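Have a look at the structure below, then the notes.
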Amino acid sequence: MATAKPRIKIPAKAAKGEVIQIKTLISHKMESGQRKDKEGKKIPRQIINKFVCTFKGKEVFSADWHGAISANPYMSFYTVATESGAYEFTWTDDDGSVYTKSAKITVN
Amino acid sequence: MRRGILAAALGLGLSVMLAGPTTADQSQWGPYQVGEVRSGYTYAAGETRDMQDDDFVNPAMLWVDGGAELWETVDGEAGKACASCHNDAAESMAEAGTKYPVYFEPSGKMMNLEQRINFCRTENMKAAAWKWESQELLRMTTFVRNQSRGKPMNVKIDGPAAPFYAKGKEFYETRRGQLDMACSSCHVDNAGNMLRANLLSQGMSNGFPTYRLKWQGVGSLHRRFRGCNKQVRAEPYSNGSDEYVNLELYLADRARGLPVEAPAVRN
Chain A
72 MATAKPRIKI
82 PAKAAKGEVI
92 QIKTLISHKM
102 ESGQRKDKEG
112 KKIPRQIINK
122 FVCTFKGKEV
132 FSADWHGAIS
142 ANPYMSFYTV
152 ATESGAYEFT
162 WTDDDGSVYT
172 KSAKITVN
Chain B
111 MRRGILAAAL
121 GLGLSVMLAG
131 PTTADQSQWG
141 PYQVGEVRSG
151 YTYAAGETRD
161 MQDDDFVNPA
171 MLWVDGGAEL
181 WETVDGEAGK
191 ACASCHNDAA
201 ESMAEAGTKY
211 PVYFEPSGKM
221 MNLEQRINFC
231 RTENMKAAAW
241 KWESQELLRM
251 TTFVRNQSRG
261 KPMNVKIDGP
271 AAPFYAKGKE
281 FYETRRGQLD
291 MACSSCHVDN
301 AGNMLRANLL
311 SQGMSNGFPT
321 YRLKWQGVGS
331 LHRRFRGCNK
341 QVRAEPYSNG
351 SDEYVNLELY
361 LADRARGLPV
371 EAPAVRN
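What follows is the structure in structure tokens.
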């Protein structure tokens, strides 16, 4: 797919101190750099190499991705809900583009 | 004493073996098995089934979302979108995924879902047909077929469709390629057996368009046909050819009663 489209799933509400699961998925071809085209030339690598989740400026979770991550990568992780606010997600592409999305949660 | 334990162990093993197949086969797969007919879902690995079961994790849902957008997008000289005529796809397309291919009077042959979508585009929207296996056509086909998810496959094979059904059946049973194998050589005679590292399924079509992990994306049933044909070292037919549409009709009947799973996830 030409443009990367991120999807986020987090609970809309959570109790303070509750462990919540965050699920993310982004459409991306994750071209490994190992494949060759019909002329036998290498198809240059283009993958998302970094995924970061922050909450109010503080990093919650991050991951470096490498060549063997599949297309349309799915990532899920757990965190503790402390206060209401928005989680910010960023995916950094090899070509320098950054895809972002945010998701709000209400904590009471 | 030792013999007693051995006998008890043997007895236990035997009773497990006797109880195993019958109970497991009947109930284990729920809607994914109808009589002897088993969806590819039942041959997939647990991890793969988990991916399909969760709409968020299933990457093919990206294609469904993309199709939903295209459904509302105006294209062509007539200034229409799919939604201009068909309104809410959840209602208008609820049966579409179960009944294609259908006999199409003007052309005098069978028409599958991809062809129907392109017919609508060229005739009603006055837009260019989408290329086979293009992301647009895949998104739209996946989206439309997804509207019928869970409904049983129910294709018409009588009346004008009968001769095409016969052709599809003949194709299915005809040996081809350097390996001299028919579709049925694997998917009827050897379903459930290993073909090198792959577990052969019954080759049911109810999950297409399917997200194949091997493809790292969604592909059409005809792409799968071409892959199968190449694997027996036969010359594949082109996507949308009469041969493949007839075969699609035969397969749809083979999968009769299985729920439409589109978009399924397979290895």
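Taken in order, these protein sequences are the chains called A and B. Each residue of the first sequence is one higher than the last, beginning at 72 in our numbering. Each residue of the second sequence is one higher than the last, beginning at 111 in our numbering. We put the beta carbon where it would ideally sit given N, CA and C, even for glycine. All values reported here derive from a predicted model rather than from experimental measurement.
Residue-level contact to chain B via CB, residue i, 7 Å cutoff
i	result
residue 145/A	yes
residue 109/A	no
residue 80/A	yes
residue 175/A	no
residue 94/A	yes
residue 85/A	no
residue 142/A	yes
residue 98/A	yes
Rounded C-alpha distance that separates residue i from residue j
i	j	result
residue 211/B	residue 321/B	21 Å
residue 359/B	residue 265/B	7 Å
residue 298/B	residue 324/B	23 Å
residue 83/A	residue 198/B	28 Å
residue 67/B	residue 364/B	Outside the shown range of chain B (111 to 377) lies residue 67/B, about which nothing can therefore be said.
residue 249/B	residue 129/A	37 Å
residue 158/A	residue 219/B	54 Å
residue 107/A	residue 100/A	15 Å
residue 336/B	residue 277/B	18 Å
residue 133/B	residue 303/B	Only weak support exists for where residue 133/B lies, its pLDDT of 43 falling under 50; the coordinates are left without a value.
residue 345/B	residue 281/B	14 Å
residue 82/B	residue 178/A	Outside the shown range of chain B, which is 111 to 377, sits residue 82/B, and nothing can be said about it.
residue 96/A	residue 256/B	20 Å
residue 194/B	residue 183/B	9 Å
residue 131/B	residue 138/B	Model confidence at residue 131/B stands at a pLDDT of 44, short of 50, so the residue's coordinates are unreliable and nothing is read from them.
residue 174/A	residue 294/B	50 Å
residue 129/B	residue 162/B	Confidence at residue 129/B is low in this model, with a pLDDT of 42, below 50, so the placement of that residue should be treated as unreliable; the coordinate-derived value is given next. Near 29 Å, if we compare the C-alpha coordinates of residue 162/B and residue 129/B.
residue 86/A	residue 143/A	31 Å
residue 290/B	residue 300/B	15 Å
residue 196/B	residue 273/B	31 Å
residue 310/B	residue 216/B	38 Å
residue 356/B	residue 275/B	6 Å
residue 203/B	residue 174/B	13 Å
residue 401/B	residue 88/A	For chain B, the structure presents residues 111 to 377; residue 401/B sits outside this window and is missing.
Span of the alpha helix (DSSP H) around residue i
i	result
residue 174/B	171-182
residue 273/B	272-283
residue 161/A	Per DSSP, residue 161/A belongs to no alpha helix (DSSP H); it is in the beta strand (DSSP E), 156-164.
residue 209/B	206-209
residue 360/B	352-364
residue 322/B	Careful: residue 322/B lies outside any alpha helix (DSSP H), inside the beta strand (DSSP E) at 320-322.
residue 157/B	156-163
Residue-level contact to chain A via CB, residue i, 7 Å cutoff
i	result
residue 358/B	no
residue 167/B	yes
residue 223/B	no
residue 247/B	no
residue 305/B	no
residue 326/B	yes
Start and end residues, beta strand (DSSP E) containing residue i
i	result
residue 92/A	90-97
residue 169/A	169-178
residue 116/A	Where residue 116/A is concerned, there is no enclosing beta strand (DSSP E), given that its DSSP letter is neither H nor E.
residue 329/B	327-329
residue 146/A	145-151
residue 294/B	No beta strand (DSSP E) holds residue 294/B; the alpha helix (DSSP H) holding it covers 293-297.
residue 343/B	Careful: residue 343/B lies outside any beta strand (DSSP E) and carries neither H nor E.
residue 130/A	129-135
residue 78/A	77-80
Quick check: the stretch 147-154 of chain B against the stretch 302-315 of chain B, are at least 3 beta-carbon pairs closer than 8 Å?
yes
Cβ contact check for the stretch 147-166 of chain A and the stretch 116-128 of chain A: 3 or more pairs under 8 Å
yes
Is the stretch 240-249 of chain B close to the stretch 170-181 of chain B, with three or more CB pairs under 8 Å?
yes
Three Cβ pairs or more, each shorter than 8 Å: is that satisfied between the stretch 158-174 of chain B and the stretch 364-376 of chain B?
yes
Okay, do the stretch 281-297 of chain B and the stretch 225-244 of chain B touch, 3+ Cβ pairs below 8 Å being the bar?
no
Along the stretch 154-184 of chain B, where does the CB come closer than 7 Å to a CB of chain C? Name the residues.
Reference to chain C is not applicable here, since the protein chains of this structure are A and B.
Continuous alpha helix (DSSP H) assignments of at least 4 residues falling wholly in the stretch 182-262 of chain B:
192-196, 199-202, 206-209, 223-229 and 245-256
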